[in-house]
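Structure, as structure tokens:
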Amino acid sequence: MEIGKKIRELRKTKKITLVELSQMTGVAQATLSRIETGIMRGTVESHEKVARALGLTLADFYGSLDDRVDKVVHQEESKRNPITVRSAKVRCELLTHDAMKKKITPFLMTLEPKAETDADKTELGVEKFYFVLEGEVTVKIEKKEFVLKEGETLYFDASLSHQIGNRGAKKARIFYAVSPPTL
């Protein structure tokens with residue numbers, strides 16, 4: 055199921071109007087309407103605000119987009135759900151179905167040259183793992199900076215403020231996993 059359709063379905067089930075959802079999330083009513091009608095997808099940040107307002111974790115929300123529940127999950131590249139993160143220069147793809155039933159949430163992040171994410175911070179108990187597949191990235195965790203090259207990894211407590219950027223002239227691709235599956 056598409057993200058917009060899922061938001062509309064959940065919102066109507068809970069008898070929440072677009073105006074109310076906008077007030078609950080701080081996401082503009084026009085933006086919510088465009089997401090629901092499929093004109094735009096929204097950002098992970100807006101998805102997280104909507105999920106919380108509807109009483110779900112983001113992992114549960116994304117997991118509910120796919121109705122299949124399997125112990126072994128194969129996902130073709132063409133079936134991935136691309137999610138724009140805060141800008142067109144940063145793209146994340148959820149690499150599994152039914153994320154709410156998993157213990158980790160795997161993603162593929164593509165950073166265009168000179169792109170970076172906003173600083174992020176999760177609740178205590180959440181961990182992240184980065185593996186650089188292509189390019190070179192800089193990861194800032196609190197006040198410390200790590201430069202990761204192709205093939206290098208970084209594992210950290212995601213409750214610490216963190217940001218990832220691509221200072222290079224070519225795109226960078228990073229496999230990353232979040233555990234437990236809250237984003």
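Numbering (this note's numbering), first residue to last: 55 to 237. For glycine and all other residues, C-beta sits at the position ideal for the given N, C-alpha and C.
Query                                                                                                                     : Result
When burial is assigned at 16 or more other CB atoms within 10 Å of the CB, is PRO235 buried or exposed?                  : buried
Can LEU178 and ILE228 be called in contact, C-beta distance under 9 Å?                                                    : no
Whole angstroms are fine: how far does the CA of SER76 sit from the CA of ALA82?                                          : 6 Å
Using DSSP's beta-bridge definition, name the partner residues of GLY219.                                                 : GLU170 and THR192
Give the range of the alpha helix (DSSP H) segment to which ALA105 is assigned.                                           : 98-107
Are the CB atoms of ALA173 and SER215 within a distance shorter than 9 Å?                                                 : yes
Exposed or buried, THR171, counting other C-beta atoms within 10 Å across all chains shown (16 or more means buried)?     : buried
Measure the alpha-carbon distance for THR79 versus LYS59 and round it to whole angstroms.                                 : 18 Å
Taking the Cβ atom as the reference point for each residue, do ALA231 and ILE158 lie within a distance shorter than 9 Å?  : yes
Taking a contact to mean a Cβ-Cβ separation below 9 Å, would you say ALA113 touches LYS156 in this structure?             : yes
With distance defined between alpha-carbon atoms, name the residue in PRO167, TYR209, VAL144 and VAL191 nearest to VAL98. : VAL144
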